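Asks:
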Amino acid sequence: MEEVIKDLQEQIKKLEVKGSKSPVVYLKSERKFPKFGGRPVKDGDPDVYEWISDMREHIQSAQSKDDFVDFIMDHLTGSAKSEVKLRPHTERKTGKQILDILETVFEIKETTTQLLQKFYQRDQREDETLEKYSLVLTEMTQKINKKDKKEQVNDVKLTERFIDGIRDQNTRQELRKVVLDSGNVPFFEFRLKMLRWIEDNPKMGLSIKKITTQNTELSEMMTLVKKQQEMLDRQQQQIDRLTRMSDGKFNRQLHVQPEERGRSRQRFGPRFNRGSNGRRGSSIVARGRQCYNCGGMGHISSNCPSEKELNSASRPTSVNPNWKPSQ
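Residue numbering for the sequence shown follows UniProt numbering, starting at 1 and increasing by one per position.
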């Protein structure tokens, strides 16, 4: 009986040890966490501030600091991963140290002037909602103010930049009216009023979507036209190549034909230009011939007129059996 109790107690201890181990990292299933490789190269690449913010938001819990470090390293690539690996182990033992390294190396390179330039050049993009566009400008504002340690961009400037960057002209005009009616309010308060205004004016929202759709269709059409033009260019190149090949072959034939005619003349003699029935060939071909009897041009020896005259002169004009030469 005591042995059975001991066995049960040992099994309970084993279950408690197994049950104490919990998953280290939890991620939201609806979104795949992006990898960070350094400074943004193309649109859609996260910068340091965005990536660190998303990292802290998506990681809900970590059982140990080592596991937290492993998760961050798994989501680094390129120069960002190399930058962390080259540091001494004492400087990258925790996740906070790694994030600080990335923030120092990649974010400090941009000056306040460069950040302000990006901020004032950032307009609403195609397929980008007003809600998303307002969040992007807000993140850029926080980044500028954090970099300069003072408020370079306040709510008034942020609101003005947001309205100026909207693609649809009618929407810009309506939101300016909202600003005039509300006065100088914090940007997030203005943003809430803007979202309510979009809900109260569904036609305006449809108009914005229509413009975006038209721009998308125009872009697709331009892409199709470009592909067709490239195909036509390739076809024209093939035609030009075939034309050059045909011209070269024709020129080679013209160069070879006179030599072949000379060799044929040597083999077949004056009868070379006669037709299949033995008669004189084409006058065009005979025009360049020389007679071997009289040396004249334009005929051959078989058709020589001087030979015909000699033959006609040697023959009697009439046949008379009683004819005798005069004494």
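We treat Cβ as the ideally placed atom computed from N, Cα and C, and that holds for glycine. Keep in mind it's a predicted model, so treat the numbers as computed, not measured.
(1) Count Cβ pairs between the segment 95–102 and the segment 67–80 that sit closer than 8 Å; are there 3 or more?
(2) Check whether the Cβ atoms of N293 and S302 sit closer than 7 Å, and answer yes or no.
(3) At what residue ranges does the segment 62–133 contain a whole run of the alpha helix (DSSP H), taking only runs of 4 or more?
(4) Using the beta-carbon count (16 or more within 10 Å), is K42 buried or exposed?
(5) Give me the Cβ distance between M140 and K118, rounded to the nearest whole Å; I'm assuming they're in contact under 8 Å.
(6) Report the residue from L86, Q169, E107 and E189 whose alpha carbon sits nearest the alpha carbon of T138.
(7) What residue range does the alpha helix (DSSP H) around V41 cover?
(8) So is L242 buried or exposed if we call it buried at 16+ other beta carbons inside 10 Å?
(9) Using DSSP's beta-bridge definition, name the partner residues of I36.
(10) Taking DSSP's pairing of strands, which residues face Q290 in a bridge?
(11) Under a three-way DSSP split, which group does E139 fall into?
(12) Measure from the alpha carbon of E220 to the alpha carbon of each residue in F33, D70, E126 and L116, then state which is nearest.
(13) If F33 and D47 are in contact, beta carbons under 8 Å, what's the gap, nearest whole angstrom?
(14) Using CA atoms only, rank isn't needed, just tell me which of K227, K226, T171 and R161 is closest to N201.
(15) Roughly how many angstroms separate the alpha carbons of K143 and L76, rounded to a whole number?
(16) DSSP on N184, reduced to helix/strand/coil?
(17) Looking only at its chain, what residues have a beta carbon closer than 6 Å to the beta carbon of E3, apart from the 5 residues adjacent to it on each side?
(18) Using the C-alpha atoms, what's the distance from K93 back to L8?
(19) What does the alpha-carbon distance come out to for the pair W175 and I163?
(20) Since N145 contacts V153 with CB under 8 Å, what's their CB separation in whole angstroms?
(21) Tell me where the alpha helix (DSSP H) around D164 begins and ends.
(22) What's the gap between the Cα of E30 and the Cα of R39?
(23) Which word fits R87, buried or exposed, when buried means at least 16 other C-beta atoms lie within 10 angstroms of its C-beta?
(24) Between the Cα of Q114 and those of D148, Y133, L130 and K96, spot the shortest distance and give me the residue it belongs to.
(25) Helix, strand or coil: how does DSSP classify N170 here?
(26) With a cut-off of 8 Å on the beta carbons, I'd call Q124 and I166 a contact; round off their distance for me.
(27) Below 6 Å, is the gap between the Cβ of T77 and the nearest heavy atom of the ligand ZN?
(28) Would you grab the beta carbon distance between L130 and M231 for me? Rounded to a whole angstrom, and I think it's under 8 Å.
(29) Going by C-alpha to C-alpha distance, which of G37, K150, D168 and V185 sits closest to F106?
(30) Rounded to a whole number of angstroms, what is the C-alpha to C-alpha distance between K35 and T111?
(31) Let me confirm a value: S306 is counted as buried when at least 16 other C-beta atoms fall within 10 Å, else exposed. Which label applies?
(32) In chain order, what residues of the same chain lie with their CB nearer than 6 Å to the CB of Y133, ignoring the 5 residues before and after it?
(33) Compare the beta carbon distance of D155 and P186 with 7 Å and say whether it is the shorter of the two.
Replies: In short, the structure shows the following:
(1) yes
(2) For N293 and S302, no; Cβs fall outside 7 Å.
(3) 65–74, 78–85, 95–102 and 112–121
(4) Exposed, by the Cβ-count rule.
(5) Rounded to whole angstroms, the Cβ separation of M140 and K118 is 7 Å, and the two are in contact under 8 Å.
(6) E189
(7) It is not in any alpha helix (DSSP H) - V41 carries neither H nor E in the DSSP assignment.
(8) exposed
(9) Reading the sequence as shown, one finds Phe at residue 36 and not Ile. Bridge partners of F36: L76.
(10) M297
(11) helix
(12) E126
(13) With 8 Å as the limit, F33 and D47 do not qualify as a contact, their Cβ atoms being about 15 Å apart.
(14) T171
(15) Distance between the alpha carbons of K143 and L76: 22 Å.
(16) coil
(17) none
(18) Rounded to whole angstroms, L8 and K93 show a C-alpha spacing of 41 Å.
(19) It should be pointed out that residue 175 corresponds to Leu in this sequence rather than to Trp. L175 and I163: Cα-Cα distance of roughly 7 Å.
(20) The C-beta distance from N145 to V153 rounds to 6 Å, short enough to fall under 8 Å.
(21) D155 to D164
(22) Summary for E30: the model assigns pLDDT 48, below 50, so the residue's position carries little reliability; its value from the coordinates is reported in the next sentence. If you draw a straight line from the Cα of E30 to the Cα of R39, it comes to about 26 Å.
(23) exposed
(24) D148
(25) helix
(26) 5 Å
(27) Summarising the ligand content, the structure contains no ligands, and the ligand ZN is consequently not present.
(28) Their Cβ separation, rounded to whole angstroms, is 40 Å, which puts L130 and M231 out of contact at 8 Å.
(29) G37
(30) 24 Å
(31) S306 counts as exposed, since fewer than 16 other C-beta atoms from the protein chains shown sit within 10 angstroms of its C-beta.
(32) Q124
(33) In contact: D155 and P186 (Cβ atoms closer than 7 Å).
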